[in-house]
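*Asks:* Starting off with a structure, shown below.
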Amino acid sequence: MSLRIVVCVKYVPDATGDRHFADDLTLDRDDVDGLLSELDEYAVEQALQIADEADDAEITVLTVGPEDAKDALRKALSMGADKAVHVEDDDLHGTDVIGTSLVLAKAVEKTGYDLVICGMASTDGTMGVLPALLAERLGVPQVTLLSEVAVQDGTVKGRRDGDAASEQLEASLPAVVSVTDQSGEARYPSFKGIMAAKKKPVESLDLEDLEIEADEVGLGGSWTAVDSAAERPARTAGTIVKDEGEGGKQLAEFLAGQKFI
Amino acid sequence: MAEVLVYVDHVDGAVRKPTLELLTLARRIGEPVAVALGNGAGDTAAALAEHGAVKVLTADAPEFADYLVVPKVDALQAAYDAVSPAAVLLPSSAEAKEIAARLALRIGSGIITDAVDLEAGAEGPVATQSAFAASYTTKSRVSKGTPVITVKPNSAAVEAAPAAGAVEALTVSFSEHATGTKVLSRTPRESTGRPELTEAAIVVSGGRGVNGAENFAIIEALADSLGAAVGASRAAVDAGWYPHTNQVGQTGKSVSPQLYIASGISGAIQHRAGMQTSKTIVAINKDAEAPIFDLVDYGVVGDLFQVVPQLTDEIKARKG
């Protein structure tokens with residue numbers, strides 16, 4: 296039987312752009328370009344490698360987001376994923392991580408899965424908890440923050456490098472996996488891949504399709520509230536000296552003045 | 132006074148510093164009740180009592196070490212049910228964030244991660260966070276259920292505040308999912324003898340300009356002269372010059388030390404995301420146009436192979 300892989304990806308504002316909050320304190324998507332989160336490219340890459348090793352596999356790439364989020368799906372399809380699911384609904388605006396995990400869990404279940412693969416965190420929210428939430432909701436093992444991952448005979452194995460120790464993990468499928476940026480460089484889409492992606496199916500789902508009530512998601516359904524967002528004041532200009540042979544000593548003098556020595 | 136659950140990060144009974152910082156923040160909201168799990172859980176009590184824990188709930192079972200995350204969620208949920216706290220606080224380690232998220236979902240509560248400050252508020256604890264590579268500061272609340280909040284290291288001072296710290300055994304019944312992910316083996320990291328990167332008061336980092344794994348010796352020598360931790364930029368880590376565990380930046384650690392010294396690091400947004408909130412920032416870079424100089428309190432434009440060893444020697448001389 297075919298190995299059904301679902302890769303969850305996020306369409307994020309470009310981190311090198313000028314990211315802002317909108318008036319309702321959600322992400323301002325108007326003034327900054329969006330793209331497939333760099334950290335999710337690693338998830339797509341590992342899905343492609345796992346699919347290569349399997350006798351028969353199908354990769355579905357899944358996102359929740361506005362119309363433009365299709366760009367993230369196209370990128371993943373051009374890398375080699377087989378099909379895409381886009382959950383889009385006006386009522387989703389302002390959904391927090393708990394709500395997003397609900398939507399993704401329902402969409403993953405509707406799609407059908409043996410293995411869900413996520414990136415380690417998004418590059419905008421940076422929480423890093425969505426894979427754990429997804430595993431909790433789906434009631435399947437979480438095998439997260441892997442630097443190495445392999446699937447064989449209905450079992451997923453991987454290495455999780457923590458601060459204190461490196462762990463070898465194992466779980467039976469179905470399971471939720473997340474991979475780090477140490478898992479292996481993501482491939483660039485080939486020209487052929489980009490052309491092929493245009494013909495690959497992208498299914499659109501809304502909240503009704505997933506049997507989710509509007510008040511379970513969105514800003515109103517959020518279980519957290521942002522009360523204020525203030526731009527961090529620019530750091531005051533420091534002293535810059537050119538090393539004329541005494542730069543190290545001058546720096547030591549500064550550090551001593553600040554009581555670090 | 133309301134009780135606040137504090138999840139204890141410890142290594143065989145030795146409490147890690149971020150947990151003691153959590154106790155400082157917990158006391159702003161209520162009476163800290165600590166939850167310590169796994170091998171050595173009971174040995175944490177003295178340090179926790181010294182820093183304000185009125186109670187220490189402990190549990191040990193093979194499941195905590197043999198399976199990933201879920202057994203600890205089950206135990207923390209048991210503590211939550213027993214205490215009915217006003218909030219649950221955890222350190223922002225990778226594992227504790229996952230525990231926090233699953234607990235929050237189970238108990239129907241919102242979750243805030245990576246707070247850098249916490250205050251009592253009229254509608255519950257108010258968490259300060261840094262957003263968009265620390266270019267914004269936000270204030271947030273959990274608006275549903277019991278707030279579950281993870282807090283980054285170096286967000287509060289460790290304060291002595293002696294309390295009873297009465298040890299109570301926590302009864303945990305593991306859920307059917309507790310044994311889902313087996314830990315086949317665990318290889319502890321070799322200790323470098325240097326402070327933990329995220330907890331260190333001073334961090335000395337090297338980047339592309341260090342130009343080779345062997346050259347990191349001069350970064351380490353500077354770090355050791357200051358009793359500092361060693362960090363590395365993504366460029367240096369991707370080049371294989373220094374371990375990923377030491378990476379500072381968006382996909383590595385984010386640090387907020389008293390002093391951050393960046394050597395041969397240009398200061399791309401990816402790196403700034405991980406160090407921008409440091410109190411004092413110093414940089415050494417041969418490129419006067421490097422964006423890192425926009426952040427510094429003191430910068431030296433020069434060759435790090437000249438400046439860093441001279442700085443190290445001068446520090447050693449001054450320290451005698």
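Chains as they are written, first to last, in the numbering used here: chain A, 296 to 556; chain B, 132 to 451. Every residue, glycine too, gets a C-beta built ideally from N, C-alpha and C. It should be emphasised that the depicted structure is a prediction, and the values quoted were computed from it without experimental measurement.
(1) Under a three-way DSSP split, which group does Ile-489(A) fall into?
(2) If you follow the alpha helix (DSSP H) that Pro-222(B) is in, where does it begin and where does it stop?
(3) Less than 7 Å between CB atoms is the rule here; does Pro-469(A) satisfy it with respect to chain B?
(4) What are the complete beta strand (DSSP E) segments, minimum 3 residues, inside the stretch 434-462 of chain A?
(5) Just to make sure I have the definition right: I need the residues of chain B whose C-beta is within less than 9 Å of the C-beta of Thr-311(A). Which are they?
(6) Taking the alpha-carbon positions, what's the Arg-314(A) to Asp-326(A) distance?
(7) Starting from Lys-447(B), trace the alpha helix (DSSP H) in both directions and tell me its first and last residue.
(8) Once you ignore the five residues that flank Leu-500(A) on each side, which residues in its own chain have a CB closer than 8 Å to its CB?
(9) Of all the CB atoms in chain A, is at least one closer than 7 Å to the CB of Leu-221(B)?
(10) Less than 8 Å between the CB atoms is what I'm expecting for Ala-287(B) and Leu-156(B), so what's the real figure, rounded?
(11) Asn-416(B) by DSSP, collapsed to three states: which one?
(12) Counting only Cβ-Cβ distances shorter than 7 Å, please list the residues of the stretch 190-213 of chain B near chain A, keeping chain order.
(13) If you follow the beta strand (DSSP E) that Leu-188(B) is in, where does it begin and where does it stop?
(14) Report the option in Gly-516(A), Leu-468(A), Pro-436(A), Thr-321(A) whose CA atom is closest to the CA atom of Gln-447(A).
(15) For Leu-390(B), which of Asn-416(B), Gln-378(B), Leu-426(B) has the nearest alpha-carbon?
(16) To the nearest angstrom, report how far apart Leu-372(A) and Lys-378(A) are at their CA atoms.
(17) What alpha helix (DSSP H) runs, 4 residues minimum, are completely inside the stretch 366-440 of chain A?
(18) Identify the residues that DSSP records as bridge partners of His-141(B): which are they?
(19) What are the boundary residues of the alpha helix (DSSP H) that includes Glu-340(A)?
(20) What residue does the alpha helix (DSSP H) around Asp-248(B) start on, and which one ends it?
(21) Just the chain B side, please: which residues come within less than 7 Å of Arg-324(A) by C-beta, in chain order?
(22) Thinking C-alpha only, which one of Leu-220(B), Ile-412(B), Leu-234(B), Lys-275(B) is nearest Gly-533(A)?
(23) Taking 7 Å as the CB-CB cut-off, is Ala-338(A) touching chain B?
(24) For the stretch 264-274 of chain B against the stretch 152-168 of chain B, are there 3 or more C-beta pairs whose distance is under 8 Å?
(25) Using 8 Å as the threshold, is the stretch 160-167 of chain B in touch with the stretch 340-348 of chain B, meaning 3 or more CB pairs across them?
(26) I want to see whether chain A comes within less than 7 Å of Glu-330(B), judged by CB atoms only; does it?
(27) Can you check which of these residues, Gly-375(A), Ala-376(A), Val-398(A), is closest to Asp-386(A) by C-alpha distance?
(28) To the nearest angstrom, how far is the alpha carbon of Pro-256(B) from that of Thr-318(B)?
*Replies:* So, from the listed chains and residues:
(1) helix
(2) That residue, Pro-222(B), is in no alpha helix (DSSP H); its beta strand (DSSP E) goes 218-222.
(3) no
(4) 437-447, 450-456
(5) Ala-399, Ile-400, Gln-401
(6) 8 Å
(7) 435-450
(8) Val-380, His-381, Val-382, Glu-383, Ala-402, Lys-405
(9) no
(10) 5 Å
(11) strand
(12) Leu-199, Val-200
(13) 186-190
(14) Leu-468(A)
(15) Leu-426(B)
(16) 7 Å
(17) 392-406, 425-433
(18) Val-146(B)
(19) 333-348
(20) Segment 248-250 is the beta strand (DSSP E) holding Asp-248(B); no alpha helix (DSSP H) there.
(21) Within 7 Å Cβ-Cβ: nothing; Arg-324(A) doesn't reach chain B, min ~13 Å.
(22) Ile-412(B)
(23) no
(24) no
(25) no
(26) no
(27) Val-398(A)
(28) 38 Å
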